[in-house]
Amino acid sequence: MTEPTPTIDSRKLKENLEKLEELNQRFLNVLAQKKPSNPATLGPGHEFFSDTLTSIMQDSINNPARLFELQVSYWGESLQNWIRLKESMFLASETQHASKNSPHSTSLGGDFWKTNPLFKLVKEQYETNAAAVRRALTDIDGLDDAQRQRLAFFSGQIVEMMSPANFLATNPEALERAASTGGESLVRGLENLVRDLEHNDGELLVTLADRDAFSVGDNLATSQGDVVYRNELFELIQFSPTTEKVHRIPLLIVPPWINKYYILDLKPENSLIGWLVNRGFTVFIMSWVNPTERHRDIGMDAYASDGCLTAINEVKKITEENKVNVVGYCIGGTLLALVLAYMSRTRNQSVRSATFFTTLTDFTELGELSVFVENDFLAGIESEVERRGYLPSLFMSRTFSFMRANDLVYAPAVRLYLMGEAPPAFDLLYWNGDSTNLPARMTVEYLRRLCQRNEFATQGFDLLGEKVTLRDVRHPLFAIACETDHIANWPGSYRGIVSMASRDKTFVLSQSGHIAGIVNPPSRDRYGYYTADKLARTASQWQANATFNEGSWWRLWGDWLARRSGAMIDSSAMTGGKTPSLGAAPGTYVLASHSASGA
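Counting in my numbering, the sequence shown runs from 3 upward without gaps.
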């Protein structure tokens, strides 16, 4: 049955076109004010392109039969796409065709792409082109493994960018929306685009969540507590007990400083902090400062001494306990592992047990992140932080987003800019957009000494006058990695845990990714997890013997932690008013924000 042609209100269309002219002027103004970007931070250097092009040309000369085979295959598939279009249009016999080469894009799954002959051809030809690019760039002679991985990643970025869903003229759903709304959807879309550009000083960073739907301290980060210590680097928050009895040994959480701590305290129903407090744990967390130029010279030594070690000592002082349990998340876990190794070498026995959430400590296997940890990118970042004194939040946000480009860049951009939809009220995505800057010295040390040279897992990492290695970590530990984590890939996380000298080790593999695999409360039990009786030499060997468990890993960890948290005592013993409050949670550092461009 033919769809009725929508009636277009000519007056409304004229009004919307006039609005587009006004928005276009705002668009041009914000672009005119945009500061020039450092090209070295935007893509691989010229040497990569030169080496790759040379290898491709040499491969074509040395393997002409392979090139001819690829061309014939491409011509044949393109001809089949055209034949199917003719069958659909002239013979009225819709051929059911399941593409074998779809580039995993959910944006091409709508009915228009399946039933309209023209747009079906556009979709199928795009998939044919994408498959041809992947085949042509596979197994090229003359490239080492690192170059091959970079070629696959960045060519994949181009393929995803060129999806017909990303352009108005080839997106039937966006065209239909524009026609049915008299162009209003395009006006709303351009408003969204201009607003994002203005918010980020001319840089395009797609808004993933409604900025007006959440407020930190009001409907996010709502667990009750007080700031009990503050220095230049962090605020220490102690959360108020909700039970009459609490475990004697307190818990300190070291979150990442790439983002803000409240990922662990989003809303009451998915707050890990709230869940821990309700189970009788006395919880402290470090809320890191959002760096500016004045933090230029803060490096890993400062994060260890003025950060982690100071926080441990303050928790001990406040609770009058001689031991604490500690948790490190992502780069916070990397720092924690370095500090634990340092504590072992200096015979500091303040830590009872340690837990790592999605933490890399051995950087041999970086996964997709490895394509950015090459000299061309790092040299560009070094020049950027030398000029500014810090790495603007834009750089890390953009990098992590393009590692999941369809989900975090193109699909949201289509919804906002082509369809004219409002961003969703999604707490996790709101947090994702509330990112932080990084100090200059720390950025270079982390990228060069840990990510690139892997000093902690090899020759040793110099920390506060000690050369520490993974073998220096000897505390009882519990580690959680996430199955589809694109930031801290789980085999790499496992490799670091296996290398630690701890006798008491538990490793858990959660379903889902870097955030959703961690923020998985038992009230939802959305994802399960894998466990094994003992660790194996490699991640694949461990996985082969692992057992799947339904539900959240929080319960398993909570029981493990309780056994290492001492007897239950009156909660008043952990508060008692001995430490004056410097202000209510969530404190002041978490509220500081900077534009994505760091201006």
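Even glycine gets a Cβ: it sits at the ideal position worked out from N, Cα and C.
The model shown is predicted, which means the values in this text are computed figures rather than measured ones.
Check each candidate in the options and name the one with the smallest Cα separation from residue i.
i	options	result
residue 30	152, 205, 216, 123	205
residue 271	430, 357, 253, 307	430
residue 234	193, 299, 187, 194	299
residue 316	200, 244, 557, 232	232
residue 116	143, 137, 155, 173	173
residue 250	322, 350, 242	322
residue 350	334, 286, 400, 475	475
residue 21	49, 112, 473, 196	196
residue 377	175, 451, 180, 576	451
residue 388	420, 456, 296	296
residue 27	494, 471, 199	199
residue 535	528, 521, 511	511
residue 268	319, 310, 215	215
residue 454	288, 379, 135	379
residue 13	157, 170, 186	186
residue 236	586, 310, 523	310
residue 439	406, 290, 504, 544	290
residue 264	288, 253, 252	288
residue 1	193, 125, 203	With the chain covering only 3 through 601, there is no way to say anything about residue 1.
residue 418	208, 218, 131, 140	208
residue 457	543, 508, 365	365
residue 136	157, 126, 46	157
Just mark residue i as buried or exposed, buried being the case when its beta carbon has 16 or more other beta carbons within 10 Å.
i	result
residue 324	exposed
residue 226	exposed
residue 168	buried
residue 345	buried
residue 550	exposed
residue 487	buried
residue 163	exposed
residue 40	exposed
residue 490	buried
residue 2	As shown, the chain starts at 3 and ends at 601. That puts residue 2 outside it, with no answer to give.
residue 183	buried
Tell me whether residue i sits in a helix, a strand or coil according to DSSP, three-state version.
i	result
residue 594	coil
residue 107	Residue placement at residue 107 cannot be trusted, given a pLDDT of 47 that sits under 50; what the coordinates show is reported in the next sentence. Coil.
residue 201	helix
residue 3	Confidence at residue 3 is low in this model, with a pLDDT of 45, below 50, so its placement is unreliable and no value can be given for it.
residue 602	Outside the displayed range of the chain (3 to 601) lies residue 602, so it cannot be described from this structure.
residue 239	strand
residue 505	coil
residue 471	coil
residue 394	coil
residue 174	helix
residue 495	helix
residue 41	helix
residue 570	strand
residue 328	strand
residue 555	coil
residue 409	helix
residue 404	helix
residue 285	strand
residue 531	strand
residue 340	helix
residue 441	strand
residue 479	strand
residue 429	helix
residue 268	coil
residue 487	coil
residue 307	helix
residue 294	coil
residue 521	coil
residue 157	helix
residue 512	strand
(Q) At 3 residues or longer, what runs of the beta strand (DSSP E) sit wholly inside the segment 346 to 391? (A) 353 to 359
Q | 3 or more residues per run - each beta strand (DSSP E) lying fully within the segment 209 to 254 | A | When DSSP assignments are scanned along the segment 209 to 254, the uninterrupted stretches of beta strand (DSSP E) that are 3 or more residues long and fall wholly within it turn out to be 227 to 232, 236 to 241, 247 to 249.
Q. Can we say the segment 455 to 472 touches the segment 341 to 359, given the rule of at least three CB pairs closer than 8 Å?
A. Of all C-beta pairs linking the segment 455 to 472 to the segment 341 to 359, three or more are shorter than 8 Å, placing the two stretches in contact.
**Q.** Any 3 or more C-beta pairs closer than 8 Å across the segment 473 to 484 and the segment 355 to 375
**A.** Result yes; three or more Cβ-Cβ pairs closer than 8 Å.
Q. Are the segment 266 to 282 and the segment 239 to 248 touching by the rule of at least three beta carbon pairs closer than 8 Å?
A. With the cut-off at 8 Å, the segment 266 to 282 and the segment 239 to 248 touch.
Q.
For the segment 543 to 558 against the segment 209 to 228, do three or more pairs of beta-carbon atoms, one drawn from each stretch, fall closer than 8 Å, so that the two count as touching?
A. The segment 543 to 558 is not in contact with the segment 209 to 228.
Q. Per the contact definition of three or more C-beta pairs closer than 8 Å, is the segment 382 to 390 in contact with the segment 145 to 165?
A. Verdict: no, contact absent.
Q | the segment 435 to 454 contacting the segment 390 to 398, beta-carbon criterion three pairs below 8 Å | A | yes
Q: Kindly confirm or deny that the segment 398 to 406 and the segment 302 to 321 touch, where touching means at least three C-beta pairs closer than 8 Å.
A: no
Q.
Count Cβ pairs between the segment 554 to 571 and the segment 524 to 533 that sit closer than 8 Å; are there 3 or more?
A. Yes, the segment 554 to 571 is in contact with the segment 524 to 533.
**Q.** Segment contact flag, the segment 559 to 577 with the segment 587 to 595, C-beta cutoff 8 Å, min 3 pairs
**A.** no
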